[in-house]
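Here the structure is laid out as structure tokens; the discussion comes afterwards.
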Amino acid sequence: MKAAVWHAQRDVRVEDIPEPPSPPRGQVTIEASWTGICGTDLHEYTGGPIYIPTEVPHPLTGAIAPVVLGHETAGQVVAVGADVTRVEVGDRVALCPIIGCLECEWCRSGLMGLCPSIAFLGVSWHGGGFSRYVNVYDYMCYRLPPEVSYEMGALVEPFGAAYRAVKQAEVKPGETVAIVGSGPIGLMALQSARIQGAGQVISIEPAAKRQELALECEATAIIDPNAQDPVAGIAEYTNGAGADVVIECAGIAATGILAGRVARRKGRVVVMGVFEGPAPLDFTDLVYGEKTVMGSMGPYGVIDEVLQLMAEGKFNGEPLVTGKIDLDDIVSDGFEALIRNKDEIAKILVSPK
Ligand SMILES: [Zn+2]
Ligand SMILES: [Zn+2]
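Numbering (the working numbering), first residue to last: 142 to 494.
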């Protein structure tokens, strides 16, 4: 079968690899329908390896580059291994990419995303969603409600990550949430903030197309940082106070600092952008404002809730999908297009068949 395989930075090849064996105990085989290209995939392409093991095999899974990419996947269960009770052949599922040890305090307390041995589908696993078939553990599978298409199913993982990030801030009804960056994750965080009861949701975003998308996702205001100082802009909308909650979804040095500064005194900042290296914060500002900065990693624990919200039509995934391509074109029309034209593109879905 064909697969998009990461060999090295700027070296992803669509090549023939063997189909996965029949699924071992506790695993199932998924036939992928759609897999989204994630910012993480792009970072691995342009700046990797970040999470891909290249020197020693991953301690939990034994995976090592070259690896098949792709972790935002929805598809059908086509085979089940021994002891699988969670899903059956024929089930339509979305995948949670997180693989845990199942034994540590985090895995046992429902916080598998914090497992110190964590591995990921399409990064540090024996397969990914950018191939027709992939074996995964049954606990990674979440049944799609009938109302949720495979296309929307491919958005479950990023929506879940954004939804969980907003949850960390415990938004109170009517609070003002500022979203720094309106790429796909920012747009999903924007929708999550609305669902979780925010009053104003303000997008800070320089690109025109993304500003448009933010409005489609019901941002109450847009601040263009090239046209206006965002700190002053947020102050204008909040009687000079600043945002109650800030979600950082851009992952560059300047936006990390900015996210802290636009928060009000006692404000909460949740960071979920993928930074390619350590980045600064304005600590004096954090100290004087007694602001809290927290991180959020992945969608584990909220996927059932997100599927329910999707089934009820509360998440609007349609405007986020700006491209659908074949696996053969993933480098030219996926990664390279995203680099050339990042501001015009939100989520690209890839059909691995
Ligand atoms: Zn992702
Ligand atoms: Zn663990």
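Just so it is clear, CB atoms sit at the ideal spot from N, CA and C, and this is done for glycine as well.
- Shortest gap from the CB of E213 to any heavy atom of ligand 1: under 7 Å.
- Counting only runs of 3 or more residues that sit fully inside the stretch 177 to 249, the beta strand (DSSP E) segments are 213 to 221, 233 to 236, in chain order.
- When the Cα atoms are used, L427 and D469 turn out to be separated by approximately 47 Å.
- S163 is classed as exposed because its beta carbon has fewer than 16 other beta carbons within 10 Å across all chains shown.
- The stretch 349 to 360 makes no contact with the stretch 277 to 296: fewer than 3 CB pairs, one atom from each, lie closer than 8 Å.
- CA-to-CA, the gap between S272 and A173 works out to about 7 Å.
- In the three-state scheme derived from DSSP, where H, G and I count as helix and E and B as strand, M435 is classed as strand.
- With respect to the C-alpha of Y274, the residue from A373, K143, D484 having the closest C-alpha is K143.
- In this structure Y304 is buried. Its beta-carbon is surrounded by 16 or more other beta-carbon atoms within 10 angstroms.
- Secondary-structure assignment with DSSP links V387 through a beta bridge to A319, V410.
- Under the DSSP assignment, A144 falls in the beta strand (DSSP E) whose first and last residues are 143 to 149.
- Our two residues, I320 and D224, have alpha carbons roughly 43 Å apart in a direct line.
- For P194, same chain residues with a beta-carbon under 6 Å away, outside a window of 5 residues either side, are I205, S265 in chain order.
- For Y429, the secondary structure class from DSSP, reduced to helix, strand or coil, is helix.
- Per the C-alpha coordinates, the member of P347, F476, W147 positioned closest to K465 is F476.
- In the DSSP assignment, N276 is bridged to T170.
- Bridge pairing for G464: I489 [DSSP].
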